[in-house]
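Each residue of the sequence shown is one higher than the one before, starting from 5 at the first, in the numbering used here.
Shown next, in structure tokens, is the structure this report addresses.
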Amino acid sequence: MGHRYKLAIIGNGMICNAAHLPALAPLRKAGKVEVAAVADIRPQAAHETAKRYDIPAWYTDPQKMLDEVKPDWVSICTPNCHHDWMIQALRAGANVMCEKPLALTCVQAKEAFRVAKEEGKLLFPCQSRRWSPDMNFASDVVAKGLLGKPYFADLSFIRRYGIPTWGMFHMKEENGGGPFCDLGVHFLDALLWMTGNPRVEAVSGSAFDTLAQKGEDVLLSIKESGAYIGTFTPRPYKHEEFNVEDSAVGTIRLAGNFTVNFKFTWALNQPTAKHIIICGDQGGLDVEEMMLYHNVGGYQGETKLKYFDNRPYAGVAFDAHYYMYDHVYNVLEGREEPRVKPEETLNVVAAIEAFYRSAAENREVRTTELEGYQV
Ligand SMILES: NC(=O)c1ccc[n+]([C@@H]2O[C@H](COP(=O)([O-])OP(=O)(O)OC[C@H]3O[C@@H](n4cnc5c(N)ncnc54)[C@H](O)[C@@H]3O)[C@@H](O)[C@H]2O)c1
């Protein structure tokens, strides 16, 4: 029997209710984790979450919660400006899991990992796609050398009209940006992880807000916008507040002459689609279709790869969070090495920072220009 950790969650919206608390249920049941408190600046969100998941205390002031409850594990589920609570929780002596993206600038990311080191605590970024069944399988295909050396990838996470409307995703001050730091970070992190974390060298991108600004009355599915479940206390959406991009497109240069084209959108007049296509000198893989394009005896072969998810949480909504919590528990117990390394998170954060700078300055931005990312 290992330790029993006292856990608290800051930010009690969709992902807290749909993914974190359900994923904690097996650990709570096994007596490995006690969820001691939740905190949210909106009393209704905190109170109802505590009631829904049988949690003894709720707060509207996360600092008060850290001071009074003294958790040894904190999950940060606020909108993307996670930095201050991440630092406060580490300084309060907790191990921290932080929703993606961990940070919006390299300076912030480096500071967070430095503080974690100073405090002797684990800082774990929820780069959750690494636990998704398709990404797991694709990473095995790449690792087995079926693609040879990858040199091009095409990433598309396109929602025709799927602006997240339940929170603050559309507000720059709270979220930092739109689909690049919402959807893009998932696909980019998965790609970099599968291909050995090649260093992001430069980003050339454009950001648009054309459709979101029109505030058109377009039929919108919350599910298609990313919230399968868990929007119990949505914040009312006003398109007048929208000041991030609704579409992010461009190119990323990675070390080793590896180029990535990307298209990440919440609103674009194009069919909804998701693709990670990785092309190497031996083959290409469309991860969504699990189709391998390769030379078969001089013929153009297309092999549909079957895969099975035989893991315990197969088919459960936000299954990746279940594996992530088990993993973090095992890391804290010294049984596993962290799957997400600080330098890998920094690589993704560098892409975010370079993208927004590139779009604002209308030019390619090299990551050597970014404070905190120099080699
Ligand atoms: N890993 C994934 O698959 C995944 C999926 C969806 C969202 N996310 C991430 O999770 C985070 C939250 O997303 P969500 O959909 O739950 O958003 P949400 O808006 O539903 O929830 C965020 C909550 O944080 C609260 N909050 C805002 N500022 C706060 C502050 N300063 N202190 C305390 N609470 C504060 C809000 O009141 C809200 O209840 C985002 O960073 C998002 O990128 C990750």
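All C-beta atoms in this analysis are idealised placements derived from N, C-alpha and C, irrespective of residue type, glycine included.
Predicted model, so just to flag it, every value in this text is computed and none were measured.
Express the C-alpha separation of N84 and K104 in angstroms, rounding to a whole number. 7 Å
Coil, strand or helix - Q112 by DSSP: helix
I'd like the span of the alpha helix (DSSP H) that includes E72, first residue to last. P66 to V73
Below 8 Å on the Cβ atoms is my contact criterion, and I expect Y326 with Y317 to pass it. Report the Cβ-Cβ distance as a whole number of Å. 4 Å
Which runs of the alpha helix (DSSP H) fall wholly inside the segment 139-191 and span at least 4 residues, in chain order? 176-179
Which full runs of the alpha helix (DSSP H) of 4+ residues lie inside the segment 212-238, going along the chain? 214-218
Could you pull out every unbroken beta strand (DSSP E) segment of at least 3 residues lying fully inside the segment 9-64, listed in chain order? 9-14, 37-43 and 61-63
Can you confirm whether the segment 253-262 touches the segment 278-285 when touching is taken to mean that 3 or more C-beta pairs between the two stretches lie within less than 8 Å? no
Would you check whether ligand 1 has a heavy atom nearer than 8 Å to the C-beta of D44? yes
Out of G15, Y9, A22 and G17, which one is the CA nearest neighbour of K33? Y9
Please state whether DSSP places E205 in a helix, a strand or coil. strand
So is P207 buried or exposed if we call it buried at 16+ other beta carbons inside 10 Å? The sequence given here places Val at residue 207; Pro does not occur at that position. By the 10 Å Cβ count, V207 comes out buried.
Three-way DSSP call (helix, strand, coil) for N366 in this model: coil
Any chance the CB of E178 is under 8 Å from a heavy atom of ligand 1? yes
Starting from the C-beta of A157, find all residues in its chain whose C-beta is less than 6 Å away, skip the five residues before and the five after it, and write them out in chain order. L195, V264 and I282
Who are the near neighbours of D138 in its chain, counting only those whose CB is closer than 8 Å to its CB and skipping five residues on each side? V291, E292, M294 and Y311
For a quick check, are the C-beta atoms of G180 and Y360 less than 9 Å apart? yes
Is the beta carbon of G166 closer than 9 Å to that of A271? yes
Does DSSP put P137 in a helix, in a strand, or in coil? helix
Return yes when the C-beta of W89 is under 8 Å from any heavy atom of ligand 1, and no when it is not. yes
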